[in-house]
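Under this note's numbering, the letters of the sequence shown match residues 19 to 440, in that order.
From the three backbone atoms N, C-alpha and C, an ideal C-beta is built for every residue, glycine too.
Fair warning: this is a prediction, and the values are worked out from it, not measured in the lab.
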Amino acid sequence: MARILAYTPPATGHVFPLVPGLLALQQHGHHVHVRTSPKVVDVLGRSGLDASSVAPAVLDPTPTAGHSATRSGQLATGLSDMLGRGSAEGADLDAAVREVRPDVILVDGMAFGALVRAEASGLPWALTLPSLLPLREPGIPPYSLGLPPARTPFGRARDAVLWPVVERAFGKALLPGLNALRREAGLAEFTSPLDAYRTPDLVIAMTGEPIEYRRRHLPDNVRLVGFQPWDPPAASPDYLREQGDPWILVTCSTDYQHDEPLAGTVAEALAGEPYRVLITLADSYDKIDLEKAAPNIVVERFVPHAAALQHAAAVITHSGMGIVGKATRAGVPIVAVPFGRDQPEIARRVVEAGTGVRLKADRMTPERIRTAVRQAIALRPRAADVAAGLAATDPVTAFADAVLELITDADRMPSSRATTSR
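So, in structure tokens, the structure goes:
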């Protein structure tokens, strides 16, 4: 049986989507160790996974995502945050390899320093991606802009012009810092940010249709396995099961991004409306005071999304992949209000899938929120049809099968463990 090391940045949205597949691998006799945020080590342990915290140095600097007013500024700032911990991540990945002695390594696509050291280790390794593929392909609009797919010659010309622009923008923000890490590891420099997806033995993308556009020209090393919903074990609040008006679930990001205005605007918009509203604030809990919210508004730091979705007529969300994936599989329509990161792209996919509506964060008003909720609820039949189709898929098995490909590669190596990092 193989030893598997999974490494993620200190963000719950990047580790929770791995859990079902990792548990499946463990049930088949493989040993799994997760190196991740200290906030979830105990949670993973109670769920049956061996886990340890990333090194303290990986937790600094404090993320500044959301401070810039422009999309290009957010891109540069966000990547700077992640690259700033790259050297610490690399050293931490090396330490984890020495401690765990894995046969294969899985590294989240945003842990740049760990990705570099995984490549340098000589072990079979995969990049795990709990979001959308940013790969260029005919018919796929330029990533990150939230544009609809091209359906006319003009649209195809738009894509031909903008894809290189987007690639250069990401390259300008990413390549100097990433190539510095690669030089330190003795690896060749990248010439394009997309090289990050060409280098791993596998790219395991935890998404699929309809939130992911149909791909007809996937690289040989990419596996689209589908979204694996998972929540930490926790009791469901009794009030969710009480009779009354339909529930609306509202979520802020679990990786803080200054999106508490979403909660405040929704609380104002739906006060006294014929809904019960559950607002889960996550890391925004201490950033906004909703104590005087209307009686039909319930505010929590955390409630298991799976439990809330069983009773929800709609979800209003920052457009994170975690809640969008869960809501889509549950057949609950979405009001997507993206703030940054990959969220504009995810919100666009929700619209194209017909499972929700999009509202720009800078255009958010109480009246527009109320209108968007009504529009989303009208899409419940389509959302239910999509969920029925997804129920026939098995992302957990697909994920495990992809990792088993790496294990097979490890078995074929002259020595299943490299010595580079020891």
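Exposure label - residue i; buried when at least 16 CB within 10 Å
i, result
"Q45", "exposed"
"M339", "buried"
"D277", "buried"
"A394", "buried"
"M19", "exposed"
"P166", "exposed"
"A253", "exposed"
"F172", "exposed"
"G349", "buried"
"D121", "buried"
"V183", "exposed"
"R294", "buried"
Alpha carbon of residue i to alpha carbon of residue j, nearest angstrom
i, j, result
"V391", "A332", "7 Å"
"A396", "V118", "50 Å"
"I222", "K310", "45 Å"
"A401", "R430", "44 Å"
"L145", "W181", "23 Å"
"I12", "E230", "Here the chain has residues from 19 to 440 only, and residue 12 is not among them."
"L62", "A365", "29 Å"
"V125", "E107", "11 Å"
"G131", "A178", "32 Å"
"V342", "I352", "8 Å"
"T438", "Y303", "Residue placement at T438 cannot be trusted, given a pLDDT of 45 that sits under 50; what the coordinates show is reported in the next sentence. Cα to Cα, the separation comes out at about 44 Å."
"N239", "G226", "16 Å"
"L242", "M224", "6 Å"
Endpoints, the beta strand (DSSP E) within which residue i is located
i, result
"I315", "I315 to E318"
"D68", "D68 to S71"
"Y25", "R21 to Y25"
"T269", "W265 to T269"
"W248", "Unbroken run through W248: none, as it is neither H nor E."
"I334", "A330 to T335"
Beta-carbon proximity list for residue i, same chain, < 8 Å, skipping 5 on both sides
i, result
"V200", "According to the sequence shown, residue 200 is Arg rather than Val. So the list reads V134, A206, E207 and F208, once near-sequence residues are dropped."
"M382", "P279, L280, T283 and V355"
"D105", "Note on residue identity: the sequence assigns Ser, not Asp, to residue 105. Once the five neighbours on either side are set aside, the close Cβ partners of S105 are G131, L199 and E202."
Selection from the options that minimises the alpha carbon distance to residue i
i, options, result
"L163", "T146, L97, F188 and L145", "F188"
"R234", "E155, L408, L97 and A428", "E155"
"D68", "T54, P74 and L77", "T54"
"P442", "K378, R386, D380 and T346", "Outside the modelled stretch of the chain, which goes from 19 to 440, sits residue 442, for which no answer is possible."
"W265", "V240, P211 and Q328", "Q328"
"L444", "T335, R186 and T411", "The shown model of the chain, from 19 to 440, leaves out residue 444, and the question about it has no answer."
"A409", "I387, V369, T389 and K344", "K344"
"P152", "F34, W143 and G127", "G127"
"A29", "S271, D263 and P194", "S271"
7 Å CB neighbourhood of residue i in its chain, flanking five on each side removed
i, result
"L43", "I22, V50, A418 and V421"
"S337", "A354, V355, P356, Q361, I364 and A365"
"A371", "P228, I229 and V404"
"V321", "P255, L296 and T298"
Where the alpha helix (DSSP H) containing residue i begins and where it ends
i, result
"H48", "Looking at the DSSP string, H48 is not in any alpha helix (DSSP H), and its letter there is neither H nor E."
"D427", "P413 to R430"
Neighbourhood of residue i by C-beta distance below 6 Å, restricted to the same chain and skipping five residues each side
i, result
"L97", "A191 and L192"
"S149", "M339 and D360"
"H32", "T26, D126 and P148"
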